[in-house]
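Peer 1: Have a look at the structure that comes next, please.
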Amino acid sequence: MNRLSEKTGLTKKQVGQFLDELAGLAYKEARNGFTIPGVGKLVVVDRKARMGRNPATGQPISIPAKRVLKFRIAKQAKDSVLAKRTK
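Each step along the sequence shown adds one to the number in numbering that gives the first Met the number 0, with nothing skipped, and position 56 is 55.
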């Protein structure tokens with residue numbers, strides 16, 4: 000928050016309020032896909048039922064279908080963070 004406050008000229012309190020509002024909006028809009036340009040997108044994904052294995056006993060178990068929330072990183076963010084560094 001400190002760096003964001005310095006870069007924008009806003010107080011830390013204002014930056015905190017903005018981030019809280021952004022998070023709240025993301026939670027409400029995630030069902031439809033919530034995108035932060037250049038960063039990524041929150042999406043709801045339906046997982047199918049599948050068979051798994053209990054790691055303690057090795058017994059096969061049935062894992063039920065469920066909905067999960069995923070964050071898909073934007074290509075621009077991946078390229079920026081994972082760019083090959085030259086010597």
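Where a beta carbon is used, it is the ideal one built from N, C-alpha and C, also for glycine.
#1: Determine the direct distance from the alpha carbon of residue 7 to that of residue 72, and round the result to whole angstroms.
#2: How many whole angstroms separate the CB atoms of residue 65 and residue 46, which I take to be in contact at a CB cut-off of 8 Å?
#3: By alpha-carbon positions, which one of 83, 75, 69 ends up nearest to residue 31?
#4: Would you tell me roughly how many angstroms separate the C-alpha atoms of residue 28 and residue 59, rounded to the nearest one?
#5: Going by CA-CA distance only, name the one from 61, 42, 38, 55 that's closest to residue 79.
#6: Which full runs of the alpha helix (DSSP H) of 4+ residues lie inside the stretch 10-48, going along the chain?
#7: With DSSP collapsed to three states, give me the class of residue 83.
Peer 2: Reading it off the structure:
#1: So the two alpha carbons sit approximately 24 Å from each other.
#2: Right, the Cβ-Cβ distance comes to about 5 Å (below 8 Å), so this counts as a contact.
#3: The candidate whose alpha carbon is nearest that of residue 31 is 69.
#4: Going from the Cα of residue 28 to the Cα of residue 59 covers about 37 Å.
#5: Of the candidates 61, 42, 38, 55, the one whose C-alpha sits nearest the C-alpha of residue 79 is 38.
#6: The qualifying runs are 11-28.
#7: Shown here, residue 83 sits in coil according to DSSP, grouped into three states, outside any helix or strand.
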